[in-house]
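Engineer: In my numbering, the protein residues as written are 372 to 491.
#1: Use the C-beta contact count for residue 383: other C-beta atoms within 10 angstroms, 16 or more gives buried, fewer gives exposed.
#2: For the 8 Å Cβ check, are there 3 or more pairs between the region 415 to 429 and the region 389 to 404?
#3: Give the C-beta separation of residue 470 and residue 456 to the nearest angstrom, bearing in mind that I take them to be a contact with Cβ-Cβ under 8 Å.
#4: So, under 8 Å CB-CB, residue 451 and residue 474 are touching, yes? Tell me the CB distance rounded to an integer number of Å.
#5: Measuring only the C-alpha atoms, how far is residue 485 from residue 389?
#6: According to DSSP, residue 476 sits in a beta bridge with which residue or residues?
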């Protein structure tokens with residue numbers, strides 16, 4: 372039986388290539404998941420700061436309603452069609468306040484969030 376020269380080398384190269392491709396694919400999938408998770412956490416942190424800013428700005432009005440300043444620190448909440456909206460509802464779901472950026476947009480999602488709860 373005649374031996375083909377280089378057949379072991381070809382098999383070794385092929386198996387090494389497959390192992391490296393699998394390792395790269397796994398690395399890419401892991402890095403993508405970690406990047407996605409980190410990005411979502413950063414967005415949650417920014418939203419948390421914006422919510423806390425709105426809470427800090429809210430003042431009770433004389434008639435018992437909630438008053439916020441006309442010019443909010445987050446300029447996107449003042450600009451219509453900015454993509455950033457805010458709405459405050461009371462415990463029964465009635466709108467108490469909504470940002471000027473939400474003009475003409477129905478923000479009713481039907482979701483209720485309890486006191487101290489976060490929903491993103």
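Cβ coordinates follow ideal geometry from the N, Cα and C atoms, glycine included. Quick caveat: nothing in here was measured; it's all calculated off a predicted structure.
Structural biologist: The answer reads as follows:
#1: exposed
#2: The region 415 to 429 vs the region 389 to 404: no contact.
#3: 6 Å
#4: 5 Å
#5: One Cα belongs to residue 485, the other to residue 389, and the distance between them is close to 52 Å.
#6: Note: residue 476 sits in no beta bridge, so no partner.
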